[in-house]
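K.L.:
I have a structure here, written as structure tokens, and I will follow up with some questions on it.
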Amino acid sequence: MQDVITLALAKGRLAEQTFTLLENLGIDCSEPRQPGRQLVLWDRKNNLRFILVKPSDVPTYVDHGVADLGVVGKDTLLESGRPLYEVLDLTFGQCKLCVAGYAEASAPVTRATFRVATKYPRIARGFYDGKGQTIEIIELHGSVELGPVIGLSDVILDIVESGSTLRANGLSVLEEVCDVSARLVCNRVSLKTKRERIRGLIDGLAEQVRRMKEEQT
Amino acid sequence: MEPRRLQIPTGMQDTLPGECARKRRLEQEVRRLFFLSGYQEVETPILEYYDALDDPTYGYRPEHVWKTFDSRGRVLALRPDSTIPSVRLAAGRLREEALPLRLCYVQSANRYVSDSLSLLCEETQAGVELMGESSPMADAEVIALAIEALRGAGLKDFQIELGQAGFFDGFMQEAGLTPEQSAVLRELTEQKNTLGMQLYLEKLDVHQDVARRLMRLPRLYGGTEVLDEAEALTAHPLCREAIAGLRSIIGYLTEYGCASYLTIDLGMVHQANYYSGTIFRGMTADLGQPLISGGRYDGLPARFGRALPATGFALSLKLLLMALERQGASFKPPVPDELVGFAPGCLRQAVEYAESRRAEGCSAVLLYDMTMDGMAERIRRGQARRGVYLTQDGCLCYPKED
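Protein sequence lines, in the order shown, are assigned to chains A and B. Residue numbers 1 to 217, in my numbering, belong to the letters of the first sequence in order. Residue numbers 1001 to 1402, in my numbering, belong to the letters of the second sequence in order.
As structure tokens, this is what we get:
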């Protein structure tokens, strides 16, 4: 019998777009597309199991080997700091990790420290350590833009897609940290122990991504 | 704040009876295997001078090493593995020993795993170091021993993946990259991050052909066909030598009957980069991470003042136990063979009986102030395999012997 392959996906847009690619490869995604309350869903014919989890949990499941593959944004992947194989850029879910704040240097919130509000404390720490700048990190879990607006922080470090939320709050991008898109990640052991099947999936998805790009141009 | 009397420090662990019994059995088996293969066991202190570890090429990040100070303010480190201490011995107190030197150990290693990653900070590792022997046959011996250790422990469906540190170095040299640039690519290769590699190579502005060849690196894993593919990719003497070396090791391991366990990953790089030749790790689909890590580290002993070729491996017994459990091994605490109850005034008979059983290798536990019925009840509840009740008139067995 074929090995079972488990794929961890974050509910939402990334999952939908991944299903489309997988369906082009002949994988039946009807169950995970209509999950109801189920958390574990199957394509029995292909012995493929889907688990739908919170985005930041995708690297965790894959690192522990309970999921062989996962689809996750590069931002979440960097923040997790887990040793995974990052095998493919799926190219959708594109945005940028940026530092944003008031373009005109307004009075700092406090003169003593430079405060960064973010959902990505690990990335922020790495970014500012790299620049040799001392900062205080304020970890938030949503509406990070409020930070400078309400005087909680000097800047924010967050993902920026269109920039409309920033503009609506009078903020602008001050620095770009890195590009973000959806990545296919693989457990370090699964890649080897379930080699044939996983290589087949990666190659198939890579081909789909290539076609998708061609169609766009 | 509540005093932490019932807790243990984060990352540490207790080993409870069931697991501990299983662990001891594994330790005994692996010790015996190493001993029968001519490896001599050593113990090294749990603390070393940090100086011995403080070299960026070793791959120990300072924040991952547990440190403390002695009374004179010198920095001490909890050993993060047993390879460096073994090398320290070989270059120091075992300097006059005849070569080759075969050392083994079963002892703890401590690494501080920062942040929220809930990895264990302490684990028992069993490993061997074979020093003073540069032949590929020595690599094969050590790899075969690693396979035998896993096989002997009853692990199913595992594989040993071979890599070659020299191959990576040669590949980088051929591409004309500086050590700094190859360090970046080493990390990207380790993550099999083809996109990151592509972006980095675009930035470096290397020739297209070179970039295309470098991009093959993360995909050079699989069966022995990978070696043919790699041979077609590069003519660098280091790479040629690396591939030839791997081929001869695979040949020797075939003689050991181990060929079926082997796979190749030429993109493998170890975290510690004192490795120089053939490197390997052991893995099973039942565990998300490798449980054996090893390889040749010819350059390391010279840093301690004694140039010696060397190879070895470390097996994480904790990860092995986890893999065995996932494969269905049971960790039930061992049940005593016999309960020994006795009527008032018969303690002497009971003690003599229990000792005679123990001399035969059966475990016997005394029961105090217990009736025959009370003993029978305990055995029905599974607290021992059988029971013996001693009275002035003789002994009764439960369950009754046929």
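In this text, a Cβ means the ideal position worked out from N, Cα and C, and glycines have one as well.
#1: Note down the Cα distance separating arginine 1247 (chain B) from leucine 1266 (chain B), rounded to an integer number of angstroms.
#2: Among the residues of its own chain, which have a CB less than 8 Å from the CB of tyrosine 120 (chain A), if the five just before and after it don't count?
#3: Of all the CB atoms in chain E, is at least one closer than 8 Å to the CB of asparagine 1193 (chain B)?
#4: Give every residue of the same chain whose Cβ lies closer than 7 Å to the Cβ of proline 1003 (chain B), excluding the five residues on either side of it in the sequence, and list them in chain order.
#5: How about aspartate 57 (chain A): is its C-beta nearer than 8 Å to some C-beta of chain B?
#6: Mark histidine 1270 (chain B) as exposed unless 16 or more other C-beta atoms lie within 10 angstroms of its C-beta, in which case mark it buried.
#7: Relative to chain A, which residues along the region 1141-1155 of chain B have a C-beta separation below 9 Å, given in chain order?
#8: Say whether chain B places a C-beta atom closer than 8 Å to the C-beta of tyrosine 128 (chain A).
#9: Mark arginine 183 (chain A) as exposed unless 16 or more other C-beta atoms lie within 10 angstroms of its C-beta, in which case mark it buried.
#10: Would you list the one or two residues that DSSP bridges to phenylalanine 1313 (chain B)?
#11: With which residues is leucine 1101 (chain B) paired in a DSSP beta bridge?
#12: Taking the alpha-carbon positions, what's the alanine 1323 (chain B) to aspartate 63 (chain A) distance?
#13: According to the Cβ coordinates, are serine 1276 (chain B) and tyrosine 1252 (chain B) closer than 8 Å?
#14: To test your reading of the DSSP string, which unbroken beta strand (DSSP E) runs of 3 or more residues are found completely within the region 1043-1084 of chain B?
#15: Can you tell me whether serine 1116 (chain B) is helix, strand or coil according to DSSP?
#16: With distances taken from CA atoms, which of B:Ala1146, B:Tyr1058, B:Pro1009 and B:Gly1257 is nearest leucine 1155 (chain B)?
#17: Which residues, taken in chain order from the region 174-198 of chain A, show a beta carbon closer than 8 Å to some beta carbon of chain B?
#18: When the Cα atoms are used, what is the spatial distance from leucine 1101 (chain B) to glycine 1176 (chain B)?
#19: Could you confirm whether any beta carbon from chain B is found closer than 8 Å to the beta carbon of glycine 73 (chain A)?
#20: Using a Cβ-Cβ cut-off of less than 8 Å, list which residues of the region 1260-1271 of chain B approach chain A; keep chain order.
#21: Kindly examine the ligand MG and report whether one of its heavy atoms sits closer than 7 Å to the Cβ of histidine 1207 (chain B).
#22: Comparing the C-beta of glutamate 86 (chain A) with each C-beta of chain B, is any distance below 8 Å?
#23: Span of the beta strand (DSSP E) holding isoleucine 27 (chain A)?
#24: Where does the unbroken alpha helix (DSSP H) through alanine 1175 (chain B) begin, and where does it stop?
#25: Under a Cβ-count criterion, where at least 16 other Cβ atoms within 10 Å of its own Cβ denotes burial, should methionine 1172 (chain B) be classed as buried or exposed?
#26: Please tell me whether histidine 141 (chain A) has its Cβ less than 8 Å away from any Cβ of chain B.
#27: Is the Cβ-Cβ distance between leucine 88 (chain A) and isoleucine 202 (chain A) less than 8 Å?
#28: Quick check on the burial criterion: 16 or more other C-beta atoms within 10 angstroms. Buried or exposed for cysteine 1397 (chain B)?
#29: Does DSSP put cysteine 186 (chain A) in a helix, a strand or coil?
#30: Anyone know if the C-beta pair for threonine 1083 (chain B) and alanine 1354 (chain B) falls short of 8 Å?
#31: Any idea which residues DSSP pairs glutamate 1161 (chain B) with across the strands?
#32: Kindly identify the DSSP beta-bridge partner or partners of isoleucine 5 (chain A).
#33: Measuring straight from C-alpha to C-alpha, what distance separates glycine 1073 (chain B) and proline 1085 (chain B)?
#34: Grab the span of the beta strand (DSSP E) containing leucine 171 (chain A) for me, first residue to last.
#35: If you run the structure through DSSP and keep just helix, strand and coil, what is aspartate 1337 (chain B)?
#36: So that I know if they touch, is there some Cβ in chain B lying closer than 8 Å to that of glycine 93 (chain A)?
P.N.:
With the given structure in hand:
#1: If I take the Cα positions, the gap works out to 13 Å.
#2: If the five residues before and after tyrosine 120 (chain A) are omitted, its C-beta is found closer than 8 Å to the C-beta atoms of Asp75, Leu78, Glu79, Leu97, Leu157 and Asp158, all from its own chain and listed in chain order.
#3: You won't find chain E in this structure, because its protein chains are A and B.
#4: The beta carbon of proline 1003 (chain B) is closer than 7 Å to none in its chain, skipping five residues each way along the sequence.
#5: Aspartate 57 (chain A) is outside the set of residues whose beta carbon lies under 8 Å from a beta carbon in chain B.
#6: Buried, because 16 or more other Cβ atoms sit within 10 Å of the Cβ of histidine 1270 (chain B).
#7: Within the region 1141-1155 of chain B, no residue qualifies.
#8: Answer no: the Cβ-Cβ gap between tyrosine 128 (chain A) and chain B never drops below 8 Å.
#9: Of the residues assessed, arginine 183 (chain A) falls on the buried side of the cut-off, its CB having 16 or more other CB atoms within 10 angstroms.
#10: BP columns for phenylalanine 1313 (chain B) point to B:Val1128 and B:Gly1294.
#11: Beta-bridge pairing links leucine 1101 (chain B) to B:Met1131.
#12: Alanine 1323 (chain B) and aspartate 63 (chain A) have their C-alpha atoms spaced approximately 15 Å apart.
#13: Result no, Cβ atoms of serine 1276 (chain B) and tyrosine 1252 (chain B) do not sit closer than 8 Å.
#14: Here the runs fully enclosed are 1047-1049, 1067-1069 and 1075-1078.
#15: Annotation note: pLDDT 47 at serine 1116 (chain B) (below 50); position unreliable, coordinate value reported separately. Looking at serine 1116 (chain B) - three-state DSSP - the assignment turns out to be coil, as it is neither helix nor strand.
#16: Among B:Ala1146, B:Tyr1058, B:Pro1009 and B:Gly1257, the Cα nearest to that of leucine 1155 (chain B) belongs to B:Ala1146.
#17: Cβ contacts with chain B: Arg183, Cys186, Asn187, Arg188, Val189, Ser190, Leu191, Lys192, Thr193, Lys194 and Arg195.
#18: In this model, leucine 1101 (chain B) and glycine 1176 (chain B) are separated by some 38 Å (Cα to Cα).
#19: Not closer than 8 Å to any Cβ of chain B, the Cβ of glycine 73 (chain A) fails to qualify, so no.
#20: Contact residues of the region 1260-1271 of chain B toward chain A are Thr1263 and Asp1265 (C-beta to C-beta distance below 8 Å).
#21: For the ligand MG, the structure offers nothing, since it holds no ligand at all.
#22: Yes - at least one Cβ of chain B is within 8 Å of the one on glutamate 86 (chain A).
#23: Per DSSP, isoleucine 27 (chain A) belongs to no beta strand (DSSP E) and is neither H nor E.
#24: Counting along the chain, alanine 1175 (chain B) falls outside any alpha helix (DSSP H), and DSSP gives it neither H nor E.
#25: Buried is the call here.
#26: Answer no: the Cβ-Cβ gap between histidine 141 (chain A) and chain B never drops below 8 Å.
#27: Yes, the pair counts as a contact, with Cβ atoms nearer than the cut-off.
#28: Exposed, because fewer than 16 other Cβ atoms sit within 10 Å of the Cβ of cysteine 1397 (chain B).
#29: The three-state reading of DSSP puts cysteine 186 (chain A) in strand, counting E and B together.
#30: Taking a C-beta distance under 8 Å as the contact criterion, threonine 1083 (chain B) and alanine 1354 (chain B) do not qualify as a contact pair.
#31: Glutamate 1161 (chain B) is bridged by DSSP to B:Thr1263 and B:Arg1281.
#32: In DSSP, isoleucine 5 (chain A) forms a bridge with A:Leu48.
#33: Taking the straight line from one Cα to the other gives about 21 Å.
#34: Annotation for leucine 171 (chain A): no beta strand (DSSP E) segment contains it, and DSSP assigns it neither H nor E.
#35: Aspartate 1337 (chain B): coil per DSSP, three-state reduction.
#36: For glycine 93 (chain A), the nearest beta carbon of chain B is not closer than 8 Å to its own beta carbon.
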